[in-house]
Amino acid sequence: MRCRLNSTGNFGKQLKRLMQSINEDIALALLHACRVPETGVHEARKSCKEARALLRLIGPQIGKAEYSRQQEHYKAISGKLSGSRDAAVRVKTWQQLVKEKAALQEQRYDAIDCFLSGQQKLNPLEAKGREFFIELALEVEAQSAAPEEWDLPKSLSTLMPNLKLIYQKARDAERKANSSDEIEAFHQFRKRSKDLFYCLRVLRPMFGKGLKSKVNKLEVMTELQGLANDQAVLLEYLADHRHEIDLDDEQWNLAEACIVAKLQALQKQTHKRAKSLISASAASFIKSL
């Protein structure tokens, strides 16, 4: 069962137990991947992102070297799981878009679905096998306990400046993304928003029930960002492989226009939600907690 923070007891020890609990979640998700690869891998990658967000919250307390080492550890785990799942997401994203856009349901666009499905079959999650997931789960489990030398604060107040900075980065990233057409700017907005969401979700028991609504709304926003990112990844992948699919200019222009329209609609929804969540100054945000 997931460890939860509470307002009583040694806060530093609770944080260590929480990190161990997240690692155990990753290991369990990897074992689940032995039976249901796509679900298990998805959950494992989400928990890796949560661990990395929590590391940003405690980074100044554990030092730069240890922070970097831990970040690379979780990045490496996610990297081992990324390729196959990305291929599966591209297929689902395209198929959902086809359902929504009648123009893409013409037979001449079947080539895109065939190509994406073929790429997925080249490296399916199922092909990784039970041994791969079990070995990775054991690797995570072996490093599940937070290092004893971590000198974590005994109270939340010490981490509030760190949380303030995480919020500020999310706010700055949103403003930059909203004024830019660059997909990388939106990608950074998504990453910084996830950091804020995961940190607030972890800390919610320390602030009482008042934070629950904000956390829930942030989760919805990050899910929209994820859907937008799926469209961006699909667009980039199809652009890179356009000639392999043998799309003529007319086919490509329509496919591109449909993906871009969906991407921009999702981005617009995200920025609209961000106005009520991360538009206030960092000082006002911290005070509101």
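Residue numbers (my numbering): 12 to 300.
All residues carry an ideal CB built from backbone N, CA and C; glycine is no exception.
query	result
Pull up the distance between the alpha-carbon of R186 and that of E142, whole angstroms please.	45 Å
Can you tell me where the alpha helix (DSSP H) holding E185 begins and where it ends?	171 to 189
Please confirm if D206 has its CB atom under 8 Å from at least one CB of chain B.	No chain B appears in this structure, which consists of one protein chain only.
Is K202 helix, strand or coil by DSSP?	helix
Report, in whole angstroms, the separation of the C-beta atoms of S89 and C59, which I expect to be a contact under 8 Å.	5 Å
Please go through the region 201 to 255 and give each complete alpha helix (DSSP H) segment of 4 or more residues, from N-terminal end onward.	223 to 251
When the Cα atoms are used, what is the spatial distance from V47 to G237?	22 Å
Could you spell out the range, first to last residue, of the alpha helix (DSSP H) harbouring N264?	260 to 288
Given that a residue counts as buried once 16 or more other Cβ atoms are within 10 Å of its Cβ, and exposed if not, what is T233?	buried
Can you tell me whether H254 is buried or exposed, with buried defined as 16 or more other CB within 10 angstroms of its CB?	exposed
Might you give, ordered along the chain, the residues of its own chain that have their beta carbon closer than 7 Å to the beta carbon of Y248, omitting 5 neighbours on each side?	R101
Skipping 5 residues on each side, what residues in its chain have a beta carbon closer than 8 Å to that of I145?	L41, L42, C45
Taking G90 as part of the alpha helix (DSSP H), name the residues at either end of that continuous run.	75 to 111
Check whether the region 20 to 39 touches the region 56 to 74, taking contact to mean three or more Cβ pairs, one atom from each stretch, closer than 8 Å.	yes
L229 and L207 - do their beta-carbons sit closer together than 8 Å?	yes
Secondary structure at V151, three-state DSSP: helix, strand or coil?	helix
Can you say whether G94 is buried or exposed, counting buried as having 16 or more other CB atoms within 10 angstroms of its CB?	exposed
Going by Cα to Cα distance, which pick from Q154, V151, E49 is closest to Q131?	E49
With a Cβ-Cβ cutoff of 8 Å, do L235 and L68 count as a contact?	no
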